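Participant: Residue numbers (my numbering), protein chains in the order written: chain E, 143 to 598; chain Y, 143 to 598; chain C, 2 to 140; chain L, 2 to 140.
Ideal Cβ positions, reconstructed from N, Cα and C, are used throughout, including at glycine.
Since this is a predicted model, take the numbers as computed values, not measurements.
Got a structure for you, written out below as structure tokens; questions coming shortly.
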Amino acid sequence: MIQKILIANRGEIAVRIIRACKDLGIQTVAIYSTADQSALHVQLADEAVCVGEANSKDSYLNVNNILSAALLTHADAIHPGFGFLAENASFARLAQACGLIFIGPNPEIIDLMGNKINARIAMHKAGVPLIPGSFEAIPSLEEGLKTAQEIGYPIILKAAAGGGGRGIRIILDEVAFRQAYPVLKQEAKNYFNDDALYMEKLFTSAKHIEVQILGDQFGNVIHLYERDCSFQRRHQKMIEEAPCHLLNETQRKALCEDALKAAKAVGYDSVGTIEFLMDENFNYYFMEMNTRIQVEHPVTEMITGVDIVKEQIRSADKQKLSYQQNDIKILGHALECRIIAEDYRHDFKPSIGKISFYHAPGGKDIRVDSALYTNYELSPFYDSMMAKIISFGPSRLHAIKRMRSALEETIIEGVENNLEFCYFTLFNPQFVAGRYTTDFANAWIKELNERESTLS
Amino acid sequence: MIQKILIANRGEIAVRIIRACKDLGIQTVAIYSTADQSALHVQLADEAVCVGEANSKDSYLNVNNILSAALLTHADAIHPGFGFLAENASFARLAQACGLIFIGPNPEIIDLMGNKINARIAMHKAGVPLIPGSFEAIPSLEEGLKTAQEIGYPIILKAAAGGGGRGIRIILDEVAFRQAYPVLKQEAKNYFNDDALYMEKLFTSAKHIEVQILGDQFGNVIHLYERDCSFQRRHQKMIEEAPCHLLNETQRKALCEDALKAAKAVGYDSVGTIEFLMDENFNYYFMEMNTRIQVEHPVTEMITGVDIVKEQIRSADKQKLSYQQNDIKILGHALECRIIAEDYRHDFKPSIGKISFYHAPGGKDIRVDSALYTNYELSPFYDSMMAKIISFGPSRLHAIKRMRSALEETIIEGVENNLEFCYFTLFNPQFVAGRYTTDFANAWIKELNERESTLS
Amino acid sequence: MDTKQLETILALFEKSTVSEMELESETFKLKLKRNTEIHEVPVKPTIAQAPQPTTVVDTAHWVKAPLVGTYYHSANPDAKPYVEVGQSVKEGQVICLIEAMKVMNEIKADRSGVVQEIKAINGKMVEYNQALVRIGDAP
Amino acid sequence: MDTKQLETILALFEKSTVSEMELESETFKLKLKRNTEIHEVPVKPTIAQAPQPTTVVDTAHWVKAPLVGTYYHSANPDAKPYVEVGQSVKEGQVICLIEAMKVMNEIKADRSGVVQEIKAINGKMVEYNQALVRIGDAP
């Protein structure tokens, strides 16, 4: 039985994990950088260990200090949260070699899903539809051109070992392909020590749908239905919801069963997400798998009642899932707004400084996940997400209305933030209809900014 | 259709009603006293009208100014909240005479249930078990003594028109009865202009259980199961929960069906509560009916998902209930802690002053209903309840654990408060077992205070 | 100065909505500020202090609404307003009506003087304590 | 002014919501500010000022843990501690060990001087940046 968990993260997700641990009667160890001495996660955990300087690479990515802290505080397990070390298979293996439980999937799965070509092959074998593209690594420029011709431009050329926006090129035609191919191949070799490239058809306008998966170490895998995360700017999600409003029951069933198929094919044994792109004809294609808890997990918790973080800890602790598939029902609709310290009127420039006043929204069907407090000093070293506000309602429109009034109640003074931007969005007719795709946010931001310069 | 509601109340319940109105797309008018200019309900409502001086009788009980404010702001309806004018049938009738909808039951029912003898007669006719006592008004001292002898001392002697702790005497023996009877009769005449007295057997140790009722104007009445409100000090509830942990399904069913019987017998057409006392043998007896929304309604909302305030507004607006009885399921367990500005170490002396720092708890399964904010000035004129923290869990123990961690997160600086007292209570073995009765809180407070003066 | 005195001053400042306060006496000079940036003020020499300027005590004040209702400036739509700016009024003289629950309430001047300003709008709602008419010594 | 008075004033300031305070009396001038850096204000010469005590500039400082690990004051359980309070050390001299991931890391004095205080406890965990040993000019 896990008795003590070191949480290798900060901010609201560290607070979220501490709350789950308290429910489970598990002791917590927070880690923090010299910039985070007064952070909320440090105050709420049972113990806290400083692991390095403000810069993440010296602290929240400092594997040696983190493992030492876990061992010396006698933690049994490490929860990596998201970001930082969450999808780092070497870290997971190292933790295990130290006798610690890594709260996440088997590192083999992190590796498999981290290599995008291998992931595609595995999914293809499992019978999950893939984004049209090259199946294995592109063998040569000429072969690549042929495949591109077949699937049709525009395409995305990607390094198999890439990630985080690196090693990616959008290619509009043959000329561009001939130019980009050798350059990216060299880049991939330099950055990732692996020059394998592959390509996928580019969907400029699609729904980004993801299915939440829970697995345990006894071969049980269930899904908690899907989330619609199509409201994105530069691949940064800003508003998420569950379920996807546009799917009918037949489509939902097919999608979730394919996600289950994908998870089972790789023997998935933890919490994870299968991401799909869905085109205008409701055809969906496997995009990638996230082998960690996600920022937007609360919307799924709101519609199902399941505590995903608790299930994640249970399964790492070799316990069976608390649920079977037919226990999972969609009870309503949920939205999440990520409240971020950035200014939409100035190209989402991040803002830092002291939060001189913070007032959280409250009442029925509102959940706030945040590490903010009045007088908190927002640091330039980390992510600028300050809070997640989650609303629930019996219908999507109820959830939207509830979110509007929650945003009206929220006060954050001292830094620029996107409260107003989120509020405006909740009145946009296309958003309210739920018929927005991944290109919507950009167009909407442009529209809002153009309006700023006119009176009407 | 109701388009605009004047909320004849203040504090967290006014904020609660405003939130429900925003969901329903209904405009809101707040009223406030000169002491409440910066109160949260004033800031959140669409409009606000000052109705008098700080003292409640000049403002929140100022019927003329409140009705004028409703009429002149073109409100269609008045929501009285709880306390103040909520159970004042004359106010309800006056509002109706002005063409306003009173959001509450038919005033006839308020009158009927307000007279405790008439309420007992009505419930007896409906076949609901009553607390043993005199059935009608006690005709004479000698008759009274005979009845007291029959039911056995101790008894409570009560004025039929009494309420709010007034016109009540606990009688331990015949000598005391002979002494108290004429005195209380005179008092009742002076205070309530009605000298009718009745008596009930006194249960010094019982469960205070209440069943939440929803009714509409089409004869539909349903129940939302029961709450356990036995944790009381001087009839002030401090921690409430739903459902009552000790009832088995058969007992729960019988209790809730008797509550429905009671509500249907009087043609109940709004939100209300039937209160019962339950003895150690699980025999329950009708105590009284509350013809209004109650402070502790959120625990029932948490376990059923129903928005009780929205249903109350709907039914006042001549709409049918959104639910039928078999839609209502108990989804888990919920607790509510009333966070009050009072000092348990000094006989719960109320504290006033500026809230120099307020930090609300958050995360999954936590709801906060409050009108507090950092720098809010807590006024001596009104109730000292600052916030309600509500926790939910799949089981009672989960809800208790979740509440503990929520209380750990909560920070209120500037005034004395009962956060610590609530926290201690959540670790008391008798409380954790759920086996506490109405006399528990006092004994527990005594125990805590005695401990304060010793080291061990 | 003694700290007792400072404590009293601070308490007064705390209770007020004032954001800045400067106080100067023969023995001390105090400057208080809440939550905004400070502006430098040159320190006056304390030796041989100049006599304090005599402040004009303005006794003008607002007649405020004693109840919620509709404000009328005249007895009926055709009548002349009870009072207009610049007009002299006597204590006890009716200066407007407030209608509430179909009852007309006469609002009277509570001092004699000259009407300096009228803030309420004819036919519109006034809330409790709302400023209606200002009466002072001079227009 | 005496420090007792200053203490009282500071306490009052602490309790208040005041963000800035300037106080000037015949004998002193005080400026308080919260949460931002203080701007130096020249002290007005007070006549017949008492001689200021010469403050000793203490260059003593703490050697801090550069990593998370277990602190050991000696090379092995039987050996004498590397340093003890009062002992002179030379820059570069090993003053303790921190064991992390089964590796012993030698921690060296970054200045010459005298060991004034040892805060870390033999065999216990130290976190990053934790004060270990203070080295100064004198004990």
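Would you say Leu24(L) lies against chain C (beta-carbon separation less than 8 Å)?
Facilitator: So, interface residue.
Participant: With DSSP as the reference, label Asn517(E) as helix, strand or coil.
Facilitator: Of the three classes helix, strand and coil, the one that applies to Asn517(E) here is coil, per DSSP.
Participant: Roughly how many whole angstroms lie between the Cα atoms of Ala405(Y) and His439(Y)?
Facilitator: Spanning the two alpha carbons is a distance of roughly 17 Å.
Participant: Answer with buried or exposed for Thr346(Y), where buried requires no fewer than 16 other C-beta atoms within 10 angstroms of its C-beta.
Facilitator: Exposed, because fewer than 16 other Cβ atoms sit within 10 Å of the Cβ of Thr346(Y).
Participant: Output the boundary residues of the beta strand (DSSP E) element that contains Met431(E).
Facilitator: Where Met431(E) is concerned, the enclosing beta strand (DSSP E) stretches over 426-432.
Participant: Between which two residues does the beta strand (DSSP E) holding Met105(C) run?
Facilitator: From DSSP, the beta strand (DSSP E) with Met105(C) extends over 104-109.
Participant: Could you tell me which residues DSSP pairs with Ser276(Y) in its beta bridges?
Facilitator: Answer by DSSP bridge pairing: none, since Ser276(Y) is not bridged.
Participant: Taking the continuous beta strand (DSSP E) assigned at Phe573(E), which residues delimit it?
Facilitator: Careful: Phe573(E) lies outside any beta strand (DSSP E), inside the alpha helix (DSSP H) at 571-575.
Participant: Given a limit of 9 Å on CB to CB distance, which residues of the stretch 551-571 of chain Y reach chain E?
Facilitator: The residues in question are Glu551, Ile553.
Participant: Please classify Thr442(E): does DSSP put it in a helix, a strand, or coil?
Facilitator: Of the three classes helix, strand and coil, the one that applies to Thr442(E) here is helix, per DSSP.
Participant: Nearest to Glu417(Y) by CA position, among Asn584(Y), Ala234(Y), Asp218(Y), Glu352(Y), is which residue?
Facilitator: If we check each option's Cα against that of Glu417(Y), Glu352(Y) comes out closest.
Participant: Whole angstroms are fine: how far does the CA of Ile508(E) sit from the CA of Arg546(E)?
Facilitator: Cα to Cα, Arg546(E) sits roughly 11 Å from Ile508(E).
Participant: Along chain E, in chain order, which residues have C-beta atoms closer than 7 Å to that of Glu382(Y)?
Facilitator: Chain E residues near Glu382(Y): none, gap ~16 Å exceeds 7 Å.
Participant: Since Ala476(E) contacts Ile445(E) with CB under 8 Å, what's their CB separation in whole angstroms?
Facilitator: With 8 Å as the limit, Ala476(E) and Ile445(E) qualify as a contact, their Cβ atoms being about 5 Å apart.
Participant: Return the first residue and the last residue of the beta strand (DSSP E) that Arg369(Y) is part of.
Facilitator: Where Arg369(Y) is concerned, the enclosing beta strand (DSSP E) stretches over 363-375.
Participant: If His387(E) sits next to Arg538(E), beta carbons under 8 Å apart, how far is it from one beta carbon to the other, in whole angstroms?
Facilitator: Contact flag correct, Cβ pair sits at about 5 Å.
Participant: With a threshold of 16 other CB atoms inside 10 Å of the CB of Ala103(C), please say whether the residue is buried or exposed.
Facilitator: Here the sequence assigns Lys to residue 103(C), which means Ala is not the residue at that position. Counting Cβ neighbours within 10 Å, Lys103(C) comes out exposed, since fewer than 16 surround it.
Participant: Closest by CA to Tyr500(Y), which one among Glu558(Y), Lys462(Y), Thr596(Y)?
Facilitator: The candidate whose alpha carbon is nearest that of Tyr500(Y) is Glu558(Y).
Participant: So, at 8 Å on beta carbons, what are the nonlocal neighbours of Glu594(E) in its own chain, with the 5 sequence-adjacent residues on each side left out?
Facilitator: Correct list, in chain order: Arg487.
Participant: Taking the C-alpha atoms as reference points, what is the distance between Ala268(Y) and Thr392(Y)?
Facilitator: Roughly 20 Å between the two C-alpha positions.
Participant: Please compile the residues from chain C whose C-beta is within a distance smaller than 9 Å of the C-beta of Val191(Y).
Facilitator: Going along chain C in sequence order, the residues near Val191(Y) (Cβ under 9 Å) are Val69, Met126, Glu128, Tyr129.
Participant: Closest by CA to Ile553(E), which one among Leu590(E), Ala483(E), Val317(E)?
Facilitator: Closest option to Ile553(E), Cα to Cα, is Ala483(E).
Participant: For Ile494(E) and Met105(C), what's the separation of their Cα atoms in angstroms?
Facilitator: Taking the straight line from one Cα to the other gives about 58 Å.
Participant: Does the separation of the CB atoms of Val191(E) and Asp400(E) fall below 8 Å?
Facilitator: Taking 8 Å as the Cβ cut-off, Val191(E) and Asp400(E) do not qualify as a contacting pair.
Participant: From Gln328(Y) to Glu443(Y), what distance separates their C-alpha atoms?
Facilitator: Cα to Cα, Gln328(Y) sits roughly 43 Å from Glu443(Y).
Participant: First and last residue of the alpha helix (DSSP H) that includes Phe334(Y)?
Facilitator: 316-334 is the span of the alpha helix (DSSP H), which, as asked, contains Phe334(Y).
Participant: Find the residues of chain E that neighbour Met102(L), judging by a C-beta separation of less than 7 Å, and give them in chain order.
Facilitator: Residues of chain E passing the Cβ test: Asn206, Leu209, Ser210.
Participant: Looking at the structure shown, is Gln461(Y) part of a helix, part of a strand, or coil, going by DSSP?
Facilitator: Coil.
Participant: Cβ of Phe334(Y) within 8 Å of Cβ of Ala290(Y)?
Facilitator: Not in contact: Phe334(Y) and Ala290(Y) (Cβ atoms no closer than 8 Å).
Participant: Give the DSSP-derived three-state secondary structure of Gly256(E) in the structure shown.
Facilitator: Three-state result, Gly256(E): helix.
Participant: Counting only the same chain and skipping the five closest in sequence on each side, list residues whose C-beta sits under 8 Å from that of Leu11(L).
Facilitator: These residues qualify, in order along the chain: Leu33.
Participant: Closer than 7 Å between beta carbons: that is the criterion. Which residues of the stretch 475-508 of chain Y meet it against chain E?
Facilitator: Listed by position along the chain: Phe499, His501, Ala502, Gly504, Gly505, Lys506.
Participant: DSSP puts Phe499(Y) in a beta bridge; with which residues?
Facilitator: Phe499(Y) is bridged to Glu555(Y).
Participant: Roughly how many whole angstroms lie between the Cα atoms of Ala181(E) and Arg544(E)?
Facilitator: Between Ala181(E) and Arg544(E), the C-alpha separation is close to 29 Å.
Participant: Looking at the unbroken beta strand (DSSP E) that takes in His62(L), where does it start and where does it end?
Facilitator: Element bounds for His62(L): 62-65.
Participant: Under a CB-based cut-off of 8 Å, is Gln50(L) close to chain C?
Facilitator: In this prediction, Gln50(L) has a pLDDT of 45, which is less than 50 and means its spatial position is unreliable; nothing more can be read from the coordinates.
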